[in-house]
Amino acid sequence: MSDPRAPKYGTPNFPYIQRMLTTPPEHDGPVYMVNLMKYHEVAQYEGAPGTARSGRDADDEYAPTEILRDIGARIVFVADVIGQPLGEPKWDRIGIVRYPTRRVFMEMQRRGDFKEKHVHKEAGMQQTIVMSCLPEPIRQLPEPPTETLAEGDAPFVMLHVIKYAEGGREAMSGYEATAGAAGLREGARPRARLRVEGTVLGDGREWDEVRFNRFPSMAAFQRLTANPDHSSQQQLRASALADTYAIMLRPTRDQIFEATQADLAGGA
């Protein structure tokens with residue numbers, strides 16, 4: 004029998020949810036909720052079979068922007084998926100909200116105005132993974148030289164969601180020494196790195212890290228994949244990972260670098 008507390012689009016991780024609810028105030032603080040979203044082609048409203056709107060449109064109506072502002076949370080990243088080289092299922096959109104504390108996130112779920120909006124998310128969302136994350140330091144590097152873009156090309160963000168294999172962190176460090184350096188030469192730059200504290204909602208899988216790398220163009224990414232310093236290291240990368248997503252994103256809002264850096268500096 005399904006759990007009546009569970010939404011249709013994912014399975015709650017009740018042990019981690021209980022951990023969030025019982026975190027002492029002196030140990031609570033900002034968390035980043037990373038949402039991987041896959042929509043119904045047509046929104047599934049109960050009792051309204053004639054409702055003609057897309058799942059994405061239903062989720063847009065759900066977006067609780069005013070509620071987030073009221074509780075001191077803010078949307079720091081929204082992006083459409085433009086490609087997904089690795090991982091299943093295929094996602095449609097990524098959204099990240101910074102909450103001032105875990106408790107604020109949990110208390111939001113009980114608000115009447117939030118519950119009223121949630122019907123649109125239930126209708127629009129086919130599947131989602133929600134990960135509660137904390138920022139980690141990244142290398143601070145100068146911006147690459149400006150690249151002349153071919154028509155139709157544009158910068159994009161590559162999102163990596165990572166579950167390490169045993170000994171995988173050490174293997175990943177070896178991979179980055181060669182393949183990562185090649186990426187930097189092609190103009191790729193780290194935008195943020197998040198440590199996954201726990202999966203709030205999903206499909207039963209757990210994750211370790213979420214990484215954001217910005218590429219100046221699709222052409223730069225293609226040059227990287229053709230570079231022997233990159234291609235020769237792919238077996239090492241594969242050995243480092245138990246599971247992963249690699250998702251190409253075109254952001255419509257991108258404040259992830261500024262927000263995480265401020266938190267790491269203690270000023271957000």
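Okay, so the sequence shown: first residue is 4 according to my numbering, each after it adds one. Beta carbons: idealized from backbone N, C-alpha and C, even for Gly.
| said: Just to confirm the assignment: which complete beta strand (DSSP E) runs, minimum length 3, are found wholly within the stretch 196-248? | reply: Those beta strand (DSSP E) runs which fall completely within the stretch 196-248 and span 3+ residues are 212-218.
| CA-CA distance, P10 and T228? | Distance between the alpha carbons of P10 and T228: 39 Å.
| V107 by DSSP, collapsed to three states: which one? | DSSP places V107 in helix when its eight states are reduced to three.
| said: Using C-beta distances below 8 Å, list every residue in its chain close to G269, excluding the 5 sequence neighbours before and after it, in chain order. | reply: Once the five neighbours on either side are set aside, G269 has no close Cβ partner at all.
| message | For the pair the stretch 243-262 and the stretch 73-90, tell me if three or more CB-CB distances fall below 8 Å. | response | yes
| query | Exposed or buried, which one is E189 when buried takes at least 16 other CB atoms within 10 Å? | reply | buried
| query | Taking Q236 as the reference, which of G98, M175, W94 and A82 has the closest Cα? | reply | Of G98, M175, W94 and A82, the residue nearest in Cα terms is M175.
| task | Pull up the DSSP beta-bridge partners for I99, would you. | result | V37 and F80
| Helix, strand or coil at Q87 according to DSSP, with G and I counted as helix | strand
| message | I need the boundaries of the alpha helix (DSSP H) containing I20, first residue and last residue. | response | I20 -> alpha helix (DSSP H) spans F17 to L24.
| query | With a CB to CB cut of under 7 Å and the five nearest residues on each side skipped, what residues in its chain are close to R142? | reply | P193
| Neighbourhood of R56 by C-beta, 7 Å cutoff - its chain only, sequence neighbours within 5 removed | A46
| Counted within 10 angstroms of its Cβ, other Cβ atoms place K124 as buried (16 or more) or exposed | buried
| query | When DSSP labels each residue in this structure, what does K11 get in the three-state scheme? | reply | coil
| So who's on the other strand from D73, going by DSSP bridges? | Answer by DSSP bridge pairing: none, since D73 is not bridged.
| Would L144 be called buried (16 or more neighbouring beta carbons within 10 Å of its own) or exposed? | Here L144 is exposed: its Cβ has fewer than 16 other Cβ atoms, across all protein chains shown, within 10 Å.
| message | Tell me which residues share the same chain as R208 and place their Cβ nearer than 6 Å to its Cβ, disregarding the 5 neighbours each side in the sequence. | response | none
| query | What residue does the beta strand (DSSP E) around L267 start on, and which one ends it? | reply | Note, L267: premise wrong, no beta strand (DSSP E); alpha helix (DSSP H) at I259 to L267.
| message | Could you check whether A262 and R101 sit closer than 9 Å to each other, using their CB atoms as the reference points? | response | yes
| field | In DSSP terms, what H163 is bridged to | value | R214 and A249
| task | Following the continuous beta strand (DSSP E) through V133, name the residue where it begins and the one where it ends. | result | V133 -> beta strand (DSSP E) spans M128 to E139.
| Just the Cα atoms here: how many angstroms apart are E69 and M109? | 17 Å
| Taking C-beta to C-beta, are T202 and S135 nearer than 9 Å? | yes
| field | DSSP three-state assignment for Y48, whether helix, strand or coil | value | coil
| message | I believe G205 touches V133 by the beta-carbon criterion, under 8 Å. Please report the beta-carbon distance rounded to the nearest angstrom. | response | 7 Å
| Counting contacts by CB-CB distance shorter than 9 Å, is E179 in contact with chain D? | Within the model displayed, chain D is absent; a lone protein chain is all it includes.
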